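Below you'll find the structure, written out as structure tokens, and then a few comments.
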Amino acid sequence: VLESAIANAEHNDGADIDELKVTRIYVEKGPMLKRFAARAKGRGVRILKHSCHIHLTVGDGRK
């Protein structure tokens with residue numbers, strides 16, 4: 218994620234990659250995938266696959 222943010226800042230804004238710093242980073246809860254797995258005697262168990270959204274902002278200190 219960090220490498221992608223640096224590449225985007227360099228390509229889109231022409232930023233100097235040596236001056237970039239992480240200005241903001243946070244993680245939010247994402248959607249949960251609900252699945253069932255087969256078990257013995259015709260039973261099933263629920264499998265919850267958690268995910269998250271990672272938000273990362275980089276900047277060089279200029280406004």
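In terms of this note's numbering, the sequence shown opens at residue 218 and continues consecutively.
A virtual CB, placed ideally from N, CA and C, is assigned to each residue, including glycine.
These figures come from a predicted structure and were not determined experimentally.
Length of the line joining the Cα atoms of V262 and K251
For this step, residue 262 is matched to residue 45 along the sequence shown. For this step, residue 251 is matched to residue 34 along the sequence shown. One alpha carbon belongs to V262, the other to K251, and they sit about 10 Å apart.
Count Cβ pairs between the stretch 220-232 and the stretch 241-261 that sit closer than 8 Å; are there 3 or more?
Verdict: no, contact absent.
Through-space distance from V244 to F253, alpha-carbon basis
Counting from one through the sequence shown, the residue named residue 253 turns up at place 36. Counting from one through the sequence shown, the residue named residue 244 turns up at place 27. So the alpha carbons of these two residues sit roughly 27 Å apart.
Could you tell me which residues DSSP puts in a beta bridge with L220?
In the sequence shown, the residue the question calls residue 220 occupies position 3. One detail in the question is off: residue 220 reads as Glu in this sequence, not Leu. In DSSP, E220 forms no bridge with anything.
Determine the DSSP secondary structure at A254, reduced to helix, strand or coil.
Taking the first residue of the sequence shown as 1, we reach residue 254 at position 37. Three-state result, A254: strand.
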